[in-house]
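Trainee: Residue 193 is where the sequence shown starts when you use our numbering, and the numbers rise one by one after that.
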Amino acid sequence: MALSITGTRITGADIRAQNVQAVLAVSNIVKTSLGPVGLDKLLVDELGDVTITNDGATILKKLEVEHPAAKILVELSALQDAEVGDGTTSVVIMAAELLKRANELVKQHVHPTSIISGYQRAKKEACRFIAKEMALKVSDLGPECLVNCALTSMSSKLIGKDGNYFAQMCVDAMLAVATVNPSGQTKHPVKAVNILKIVGGAASDSELISGFALEESRASTQMPKVVMDAKIALLDFCLRKKPLKFGIQMVITDPAELEAMRRTEIEAVERKCQLVIDSGANVVLTTGGIGEIAIQYMVERGIIGLRRIPKRKLRVIAKLTGGVLITNLSNMEGQDDLTSAQLGSAQKVEERRVGDREVTFIMGCSSTSAQTILLRGPNYYMLDEIDRSIHDSLCVVKRVLESKRVVPGGGAVEAALSVYLEHVAESMASREQLAIAEFAQALLIIPKTLALNGAHDATDLVAQLRGFHNAAQSDEKRKKKYMYTGLNLENGRARDNLAAGVLEPAMSKIKAIKFATEAAVTILRIDDSIKKPRQAKK
Ligand SMILES: Nc1ncnc2c1ncn2[C@@H]1O[C@H](COP(=O)(O)OP(=O)(O)OP(=O)(O)O)[C@@H](O)[C@H]1O
Ligand SMILES: [Mg+2]
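What follows is the structure in structure tokens.
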């Protein structure tokens with residue numbers, strides 16, 4: 193019996209053409225948003241929710257892409273977002289260009305396997321070249337290079353015009369959350385920087401606060417607004433009379449019994465409150481509710497109580513203040529107990545008015561110094577976009593602080609690599625030569641797109657750029673002068689982007705090249721697609 197394959201089958205050149213078409217369609221969507229003069233996208237989902245963004249990963253996540261090859265690109269940008277945080281647009285554009293050029297080679301009868309090994313070789317050479325020749329040590333450049341990196345990542349975003357202000361804020365925040373892990377490395381966790389969005393005011397009214405901010409406010413206005421030298425009890429239960437669970441009924445006929453039951457309930461709450469007070473806590477944070485009786489207790493003793501705080505936040509606060517999230521008051525012996533060792537501590541807990549909201553700040557946490565960026569903006573769309581941009585910049589600052597290497601931006605690295613890889617290709621006598629030369633050309637898509645988006649003559653500018661890099665690489669004397677040449681998108685000329693302060697983390701470039709090559713190779717390896725018809729629902 194012949195082997196039968198059900199479904200639609202596409203093979204060889206057809207499937208490659210189809211994949212390239214899908215991938216280019218995705219890349220064309222994000223292309224116009226690349227660079228400091230790139231534009232934004234407006235996306236509306238099926239529920240009518242609007243997103244305005246410039247972030248490659250967000251654009252692609254919101255698009256419901258169906259084509260399998262295009263999906264690989266969507267995942268590629270998500271990967272870059274997770275691993276690096278920035279460069280999600282570049283990586284997609286680069287992967288699509290690599291694939292397009294590979295397909296042209298296949299059409300000229302170069303076998304995909306040769307192309308794949310050529311691309312892998314080129315990727316390796318490119319990463320080595322960046323690390324050895326282009327990357328600069330942060331320690332040699334001085335502290336302003338951190339701000340410059342943050343500024344470069346912000347320059348393409350909505351907050352670009354207030355860039356200096358926000359870039360400094362991101363650097364300050366990341367420096368303040370430095371922690372040393374058990375193996376002795378200094379880490380800068382992005383999660384320790386909490387971003388709180390409050391509608392109202394201008395973007396430039398945003399501020400960095402040393403401490404953790406909670407959107408919740410005091411359970412009662414009679415409680416104090418400020419508590420100094422705070423001892424914080426973090427509770428995961430209610431401080432109120434327990435309402436009966438659904439479906440449970442109690443039938444009581446004797447009024448005395450009813451009264452006794454009420455009394456027991458009240459006593460239970462009172463006992464819990466007394467335990468919390470006895471432990472020395474002067475701030476109570478709970479995931480549950482705080483009832484009338486508990487409020488009364490707290491008000492009398494000048495304790496701040498906050499209720500209905502998400503557990504996720506309480507866990508963070510526990511970590512920051514060195515406290516324990518208490519789910520149950522009973523100890524190992526089965527008796528109710530709460531000790532002062534279980535409490536978190538902070539210098540100050542304060543409620544302040546921000547815009548039209550009350551916000552509680554926990555300042556001077558004892559374990560890690562948490563930072564909060566309080567974002568202000570005229571509407572939610574803008575706030576969400578600022579949040580994404582700030583996140584990108586925080587990630588960039590983290591990468592620079594942890595890997596300590598930067599490269600000049602604005603197409604400098606790509607142009608240098610393209611010149612270098614062409615030399616590598618020329619020196620090779622194997623069939624990978626063609627693929628490496630195409631890889632070199634493909635990288636130029638970044639400076640080309642940057643120039644195009646800036647309404648400049650891309651061909652002319654990229655030729656100039658290559659000229660400078662050729663001079664730098666062939667003449668030792670002119671190396672220092674020209675090797676950091678990148679684009680100036682304001683006037684459409686070439687300039688030294690190191691001197692201009694357009695810097696990016698070296699790791700971001702290296703990872704982008706690695707991921708883009710891997711994605712292109714994954715798609716290039718496909719030469720057969722079998723799609724089963726969808727089964728009709730019974
Ligand atoms: N002032 C500048 N002059 C020249 N080029 C710049 C400048 N600022 C940024 N760039 C370049 O713009 C590119 C980054 O653009 P953009 O931030 O829009 O995309 P991305 O980082 O790839 O993706 P995303 O930020 O959406 O995750 C980089 O190649 C960078 O070198
Ligand atoms: Mg960026």
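We put the CB at the ideal spot given by N, CA and C, even for glycine.
Quantities reported herein were computed from a predicted structural model and do not represent experimental measurements.
Can you find a heavy atom of ligand 1 that lies under 6 Å from the Cβ of Lys537?
Mentor: Per the sequence shown, the amino acid found at residue 537 is Ser instead of Lys. No, the Cβ of Ser537 stays beyond 6 Å of every heavy atom of ligand 1.
Trainee: Specify, as a first and last residue, the run of the beta strand (DSSP E) that Cys557 falls within.
Mentor: Its beta strand (DSSP E) spans residues Arg549 to Cys557.
Trainee: So, is Asp444 buried or exposed, given that buried needs 16 or more other C-beta atoms within 10 angstroms?
Mentor: Per the sequence shown, residue 444 should be read as Ile rather than Asp. Classification for Ile444: exposed.
Trainee: Could you check what DSSP says for Leu436 in three-state terms: helix, strand or coil?
Mentor: The answer is coil: DSSP assigns Leu436 none of H, G, I, E or B.
Trainee: Would Ser398 be called buried (16 or more neighbouring beta carbons within 10 Å of its own) or exposed?
Mentor: Buried: at least 16 other Cβ atoms inside 10 Å.
Trainee: Looking only at its own chain, which residues have a Cβ that is under 6 Å from the Cβ of Leu644, when we skip the five neighbours before and after it?
Mentor: Counting only Cβ-Cβ distances below 6 Å, and skipping sequence neighbours, we find Ala650.
Trainee: Does the Cβ-Cβ distance between Ser701 and Gly199 come in under 7 Å?
Mentor: A small correction: the amino acid at residue 701 is Lys; Ser does not occupy that position in the sequence shown. Result no, Cβ atoms of Lys701 and Gly199 do not sit closer than 7 Å.
Trainee: If you follow the beta strand (DSSP E) that Thr564 is part of, which residue opens it and which one closes it?
Mentor: First-last of the beta strand (DSSP E) with Thr564: Gln563 to Gly569.
Trainee: Less than 7 Å between the beta carbons of Gly497 and Val468, yes or no?
Mentor: No, these two residues do not count as a Cβ contact at 7 Å.
Trainee: Using the DSSP secondary-structure output, state which residues sit across from Asn680 in a beta bridge.
Mentor: Answer is Arg685, bridged to Asn680.
Trainee: What span of residues does the alpha helix (DSSP H) with Asn295 cover, start to end?
Mentor: Asn295 -> alpha helix (DSSP H) spans Thr280 to Lys299.
Trainee: Within 10 angstroms of the Cβ of Glu451, are there 16 or more other Cβ atoms? Answer buried if so, exposed if not.
Mentor: Answer is exposed; the Cβ neighbour count stays below 16.
Trainee: Taking 7 Å as the cut-off, decide whether the C-beta atoms of Asp188 and Thr203 are in contact.
Mentor: An answer regarding residue 188 cannot be provided, because it is not within the stretch 193 to 730 covered by the chain.
Trainee: Mind pulling the alpha helix (DSSP H) runs of 4 or more residues that sit fully within the stretch 653 to 679?
Mentor: With a minimum length of 4 residues, the continuous alpha helix (DSSP H) runs that stay inside the stretch 653 to 679 are 671 to 674.
Trainee: Under the rule that 16 or more other beta-carbon atoms within 10 Å means buried, what is Ala632, buried or exposed?
Mentor: Its Cβ being crowded by 16 or more others within 10 Å, Ala632 is buried.
Trainee: Sorry if obvious, but does the Cβ on Ser282 come closer than 6 Å to a heavy atom of ligand 1?
Mentor: Within the cutoff, so yes.
Trainee: Hey, how far is the Cα of His661 from the Cα of Ile251?
Mentor: When rounded, the distance between both Cα atoms is 33 Å.
Trainee: Can you find the residues in the same chain that come closer than 6 Å, C-beta to C-beta, to Ala538, ignoring five residues on each side of it along the sequence?
Mentor: Ala422, Thr513, Ile554, Gly556 and Cys557, listed in sequence order.
Trainee: Could you tell me if the beta carbon of Asp720 falls within a distance shorter than 6 Å of some heavy atom in ligand 2?
Mentor: Checking every heavy atom of ligand 2 against the Cβ of Asp720, none is found closer than 6 Å.
Trainee: Let me have the residue list for ligand 2: C-beta closer than 5 Å to any non-hydrogen atom, ordered along the chain.
Mentor: Qualifying residues, in the order they occur: Asp278 and Ser345.
Trainee: Which residues mark the beginning and the end of the alpha helix (DSSP H) in which Gln213 is found?
Mentor: Its alpha helix (DSSP H) spans residues Gly204 to Lys223.
Trainee: Return the residue from the list Arg507, Gly352, Lys379 and Gly684 that minimises the CA-CA distance to Val592.
Mentor: Among Arg507, Gly352, Lys379 and Gly684, the Cα nearest to that of Val592 belongs to Lys379.
Trainee: Apart from the five residues on each side of it in sequence, which residues of its chain come closer than 7 Å, Cβ to Cβ, to Arg515?
Mentor: One detail in the question is off: residue 515 reads as Gly in this sequence, not Arg. For Gly515, where only same-chain residues beyond five positions count, the Cβ hits under 7 Å are Ile424, Leu426, Gln534, Leu535 and Gly536.
Trainee: From which residue to which residue does the alpha helix (DSSP H) around Ala486 run?
Mentor: First-last of the alpha helix (DSSP H) with Ala486: Glu484 to Glu492.
Trainee: Verify whether the separation of the beta carbon atoms of Val598 and Val605 is less than 7 Å.
Mentor: Result no, Cβ atoms of Val598 and Val605 do not sit closer than 7 Å.
Trainee: Could you tell me the distance, in whole angstroms, from the CA atom of Ile387 to the CA atom of Leu575?
Mentor: Approximately 10 Å between the Cα atoms of the pair.
Trainee: Say yes only if the C-beta of Ser348 is nearer than 6 Å to one or more non-hydrogen atoms of ligand 1, and no if none qualify.
Mentor: Yes; taking the cut-off as 6 Å, the Cβ of Ser348 has a heavy atom of ligand 1 nearer than that.
Trainee: Give me whichever residues DSSP pairs with Lys752 in a beta bridge.
Mentor: Missing from the structure shown is residue 752; the chain here goes from 193 to 730 and no further.
Trainee: Alpha carbon to alpha carbon, how far is Met699 from Met415?
Mentor: If I take the Cα positions, the gap works out to 50 Å.
Trainee: Answer yes or no: do Arg201 and Glu624 have a C-beta to C-beta separation smaller than 7 Å?
Mentor: Contact flag unset, no.
Trainee: Can you tell me whether Glu525 is buried or exposed? The criterion is at least 16 other CB atoms within 10 Å of its CB, across all chains shown.
Mentor: Result: exposed.
Trainee: On a Cα-Cα basis, can you pick out the residue from Gly483, Glu614 and Ile501 that is closest to Thr552?
Mentor: That would be Ile501, whose Cα lies nearest to the Cα of Thr552.
Trainee: Between the alpha carbons of Ile485 and Ile458, how many angstroms are there, rounded?
Mentor: Between Ile485 and Ile458, the C-alpha separation is close to 8 Å.
Trainee: For the structure I just gave you, are there three or more beta carbon pairs, one from the stretch 305 to 320 and one from the stretch 661 to 678, closer than 8 Å?
Mentor: No contact exists between the stretch 305 to 320 and the stretch 661 to 678.
Trainee: If you draw a straight line from the alpha carbon of Glu682 to that of Leu642, how long is it in whole angstroms?
Mentor: In a straight line, the C-alpha of Glu682 is about 11 Å away from that of Leu642.
Trainee: Which residues in the same chain as Ser402 place their Cβ atom closer than 7 Å to its Cβ, once the five residues preceding and following it in sequence are excluded?
Mentor: Closer than 7 Å at Cβ, skipping near neighbours: Ala368, Met555, Ser561 and Gln563.
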